[in-house]
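A.B. asks: Numbering (the UniProt record's numbering), first residue to last: 1 to 552.
#1: Which full runs of the alpha helix (DSSP H) of 4+ residues lie inside the stretch 236-287, going along the chain?
#2: Go through its chain and collect everything with a Cβ distance to residue 538's Cβ below 7 Å, but skip five positions before and after it.
#3: Could you please give the first and the last residue of the uninterrupted beta strand (DSSP E) stretch that includes residue 536?
#4: Assign residue 108 to one of three DSSP states: helix, strand, or coil.
#5: Rounded C-beta distance between residue 382 and residue 354? I'm assuming under 8 Å.
#6: So, for residue 227: in the same chain, excluding its five sequence neighbours on each side, which residues have a beta-carbon less than 8 Å away from its beta-carbon?
#7: Thinking residue 50 and residue 33 are a contact (beta carbons under 8 Å), I'd like their distance in whole angstroms, please.
#8: What did DSSP end up calling residue 420 once you bin it into helix, strand or coil?
#9: Residue 179 and residue 159 - do their beta-carbons sit closer together than 9 Å?
#10: Over what stretch of residues does the beta strand (DSSP E) that includes residue 76 continue unbroken?
#11: With residue 455 as the anchor, note down where its alpha helix (DSSP H) starts and where it stops.
#12: On a Cα-Cα basis, can you pick out the residue from 371, 519, 533 and 445 that is closest to residue 42?
#13: Expressed to the nearest angstrom, what Euclidean distance is found between the alpha-carbon atoms of residue 262 and residue 73?
#14: Report all residues from its chain with a CB closer than 8 Å to the CB of residue 21; omit the five preceding and five following residues, and keep chain order.
#15: Which of the three DSSP states is assigned to residue 514 in this structure?
#16: Would a C-beta distance cut-off of 9 Å place residue 504 and residue 434 closer than the cut-off?
#17: Assign residue 534 to one of two classes, buried (16 or more other C-beta atoms within 10 Å of its C-beta) or exposed (fewer than that).
#18: Keeping to the same chain, check which residues put their C-beta closer than 8 Å to that of residue 300; ignore five residues upstream and five downstream.
#19: Is it true that the CB of residue 106 sits closer than 9 Å to the CB of residue 89?
#20: Residue range of the alpha helix (DSSP H) that residue 375 falls in?
#21: Going along the chain, which unbroken runs of the beta strand (DSSP E) with 3 or more residues stay wholly within the stretch 31-82?
#22: Going by the DSSP bridge assignment, what does residue 358 pair with across the sheet?
#23: From this set, 246, 232, 167 and 97, which residue's C-alpha is nearest residue 556's C-alpha?
#24: Starting from the Cα of residue 61, find the closest Cα among 327, 230, 5 and 46 and give me that residue.
#25: So what does residue 29 bridge to, in DSSP terms?
#26: Just mark residue 136 as buried or exposed, buried being the case when its beta carbon has 16 or more other beta carbons within 10 Å.
#27: Under the three-state reduction of DSSP, which class applies to residue 491: helix, strand or coil?
#28: So, helix, strand or coil for residue 528, using DSSP?
#29: Helix, strand or coil: how does DSSP classify residue 6 here?
#30: For residue 447 versus residue 532, is the C-beta spacing smaller than 9 Å?
#31: Would residue 276 and residue 320 be called neighbours here (beta carbons separated by less than 9 Å)?
#32: If you reduce the DSSP assignment to three classes, tell me which class residue 317 lands in.
#33: Would you kindly report the start and end of the unbroken alpha helix (DSSP H) that includes residue 438?
#34: Pair every Cβ in the stretch 183-200 with every Cβ in the stretch 117-134, then say whether three or more of these pairs are closer than 8 Å.
#35: Could you give the residue range of the beta strand (DSSP E) that holds residue 553?
#36: Can you tell me which of 466, 337 and 498 puts its alpha carbon nearest to the alpha carbon of residue 487?
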């Protein structure tokens, strides 16, 4: 890998998006050459330009891009860093399609790892357990505690040994969550849903893991991201243990003379309480950290805002809808009602914190927009995460109010939506993942992965957002609402400049412009959406230094 600080890149598709005056719609525009010096972009344009000739005469290293695509360093607009690292170290059930697949995978893994005290798994989906995720379905596999994190991170499935280890029998359900219990015995039956999972599992992980374990998870995640072409990450569920581990990891890397090759922004998770004062105290903790870690004091590792998980997910029937679920006529209230959401949003804005609201169901989306409209001006760049089922009217409101549409196309993969028509009906499925509606309405779009709930490699997002087909099962003929597809240029803009803009970083990174940091990615990317799954990361550059090479 090169060590030169003065480099000319040429003979490639050097991506420059032409942004529309409003919104995220972009037109493809390529340059022929790019020059960087001392970590800064100094020229983007024609290969015959005098700036290129002068750089070469001054001794700049010339890099032949080989006809490949050179992009700004990718920025994942929605991740869970520590959880991704932990998931990469857990037993993955991502390949499983049935309950028997899950059981076989866990049984084989348990037999191969007799030294492990507990068996942690990830990647289960609700449709794989049609009778419900019961502890009894896992109990015969191994006597050790087995904990399975759902693919969406909103639930945890436990065997009886894990439930005993968690000691939840006398715990009340937290606001917005449920410890699912046997209707006859009243004892926990295996599932921790929504806020119950988000409250008790992190506490359990903190008790059963060490700081060293968490640092190892963070290092694993960052290395994986660097190899995937990312130079920026936005964490959407930061908490005390994760933040402490991240800062310790940075100290260790600095002491070892290694750069921290990621620009990191975090949103502090606010857990729902039926008490305004307790909720505000969580906001004040975020504000305290933001005063220490901000764009002026620590621009590459900041605490930028707060995150509220306002509802659940469609598959778990915990996303709040305007009309009842189609299969059973039931519905659920949002995790955060407007009554409790509004004071938290007001407090965050008062402290100069950005606000991110998880909203999947159309009722929750409407509530989130209402609260942001009432209490947050567009200059604060509020954002709504996911936006999976929206009305046409609410889709238009995003742009008008300056609300960033933070979306994860990997969640619209047809292979994981098989249950949706029965759950919410074809009429609401027809409004699912309306990305082009958001952009056409003037909303800025930030593209993310929500890793580890979905693959963090950008090629999956590229393929699904543009083709609306499955990356998990490419042979599937199903296409999800192709009228809402984005162009390849739109997706790349959302995964770079859009994500950077969402946290006020667009003046430093996100696009290939003179004066910005030389964060770059070179992809073996055919400029054809249908071939996106074949793309590979060839090089990653952070502030003018190559930090990854995938070339053979």
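We put the beta carbon where it would ideally sit given N, CA and C, even for glycine.
C.D. replies: Inspection of the coordinates gives the following:
#1: 240-255
#2: For the purposes of this step, residue 538 is identified with residue 538 of the chain shown, where counting begins at 1. Counting only Cβ-Cβ distances below 7 Å, and skipping sequence neighbours, we find 68, 522, 523, 524, 550 and 551.
#3: As a first step, residue 536 is located in the chain shown; it is residue number 536 there, counting from the start. That run of the beta strand (DSSP E) goes 536-542.
#4: Position 108 of the chain shown holds residue 108. Residue state, collapsed to three classes: helix.
#5: Translated into positions along the chain shown, residue 382 becomes position 382. Translated into positions along the chain shown, residue 354 becomes position 354. Indeed they touch by this definition, with Cβ atoms about 7 Å apart.
#6: Counting from one through the chain shown, the residue named residue 227 turns up at place 227. 537, 540, 548 and 550.
#7: Here residue 50 corresponds to residue number 50 of the chain shown, with the count starting at 1. Here residue 33 corresponds to residue number 33 of the chain shown, with the count starting at 1. That belief does not hold up - the Cβ atoms of residue 50 and residue 33 are roughly 11 Å apart, past 8 Å.
#8: Indexing the chain shown from 1 puts residue 420 at position 420. The answer is helix: DSSP assigns residue 420 an H, G or I state.
#9: The residue given as residue 159 occupies position 159 in the chain shown. The residue given as residue 179 occupies position 179 in the chain shown. At least 9 Å separates the beta-carbon of residue 159 from that of residue 179.
#10: To locate residue 76, count along the chain shown from 1; it is residue 76. Looking at the DSSP string, the run of the beta strand (DSSP E) that includes residue 76 is 74-79.
#11: Along the chain shown, one-based indexing puts residue 455 at 455. Run containing residue 455: none; DSSP gives neither H nor E here.
#12: Indexing the chain shown from 1 puts residue 42 at position 42. For the residues 371, 519, 533 and 445, the minimum Cα distance to residue 42 belongs to 519.
#13: Residue numbering aside, residue 262 sits at position 262 when the chain shown is read from its first letter. Residue numbering aside, residue 73 sits at position 73 when the chain shown is read from its first letter. If you take the alpha carbons of residue 262 and residue 73, they lie about 10 Å apart.
#14: In the chain shown, the residue the question calls residue 21 occupies position 21. Low confidence applies to residue 21: its pLDDT is 40, below 50, so where it sits in the model is not reliable, and the reading given next is rough at best. Once the five neighbours on either side are set aside, residue 21 has no close Cβ partner at all.
#15: Along the chain shown, read from residue 1 onward, the residue named residue 514 stands at position 514. If DSSP states are grouped into helix, strand and coil, residue 514 belongs with coil.
#16: Looking up residue 504 in the chain shown gives position 504. Looking up residue 434 in the chain shown gives position 434. No, the Cβ-Cβ distance between residue 504 and residue 434 is not below 9 Å.
#17: Residue 534 sits at position 534 when you count from the first residue of the chain shown. Residue 534 is exposed by the Cβ-count criterion.
#18: Position 300 of the chain shown holds residue 300. So the qualifying residues of the chain are 260, 262, 263 and 264.
#19: Locating residue 89 in the chain shown gives position 89, counting from the first residue. Locating residue 106 in the chain shown gives position 106, counting from the first residue. Contact flag unset, no.
#20: Position 375 of the chain shown holds residue 375. Where residue 375 is concerned, the enclosing alpha helix (DSSP H) stretches over 362-375.
#21: 40-45, 61-64, 69-72 and 74-79
#22: Position 358 of the chain shown, counted from the start, is the residue given in the question as residue 358. The partner list for residue 358 (beta bridge, DSSP) reads 309 and 385.
#23: The question about residue 556 has no answer, for the chain in this structure spans 1 to 552.
#24: Reading the chain shown from its first residue, position 61 is the one you call residue 61. For residue 61, the nearest C-alpha among the options comes from 5.
#25: Here residue 29 refers to the residue found at position 29 of the chain shown. Beta-bridge pairing links residue 29 to 16.
#26: Numbered from its first residue, the chain shown carries residue 136 at position 136. Around the beta-carbon of residue 136, fewer than 16 other beta-carbon atoms lie within 10 Å, marking it exposed.
#27: Within the chain shown, the letter at position 491 stands for residue 491. Looking at residue 491 - three-state DSSP - the assignment turns out to be helix.
#28: In the chain shown, counting from the first residue as 1, residue 528 sits at position 528. If DSSP states are grouped into helix, strand and coil, residue 528 belongs with coil.
#29: If you number the chain shown from 1, residue 6 lands on position 6. Strand at residue 6.
#30: In the chain shown, the residue the question calls residue 447 occupies position 447. In the chain shown, the residue the question calls residue 532 occupies position 532. Cβ distance not < 9 Å, so residue 447 and residue 532 don't count as in contact.
#31: On the chain shown, position 276 is the one that residue 276 refers to. On the chain shown, position 320 is the one that residue 320 refers to. Contact check for residue 276 against residue 320 fails: the beta carbons are separated by 9 Å or more.
#32: Within the chain shown, the letter at position 317 stands for residue 317. In the structure shown, residue 317 sits in coil (DSSP, three-state: anything other than H, G, I, E or B).
#33: Start at 1 with the first residue of the chain shown, and residue 438 comes out as number 438. Residues 435-440.
#34: yes
#35: In the structure as shown, the chain begins at 1 and stops at 552. Residue 553 is therefore absent and cannot be evaluated.
#36: For the purposes of this step, residue 487 is taken as residue 487 along the chain shown, with counting starting at 1. Ranking the options by Cα distance to residue 487, first place goes to 466.
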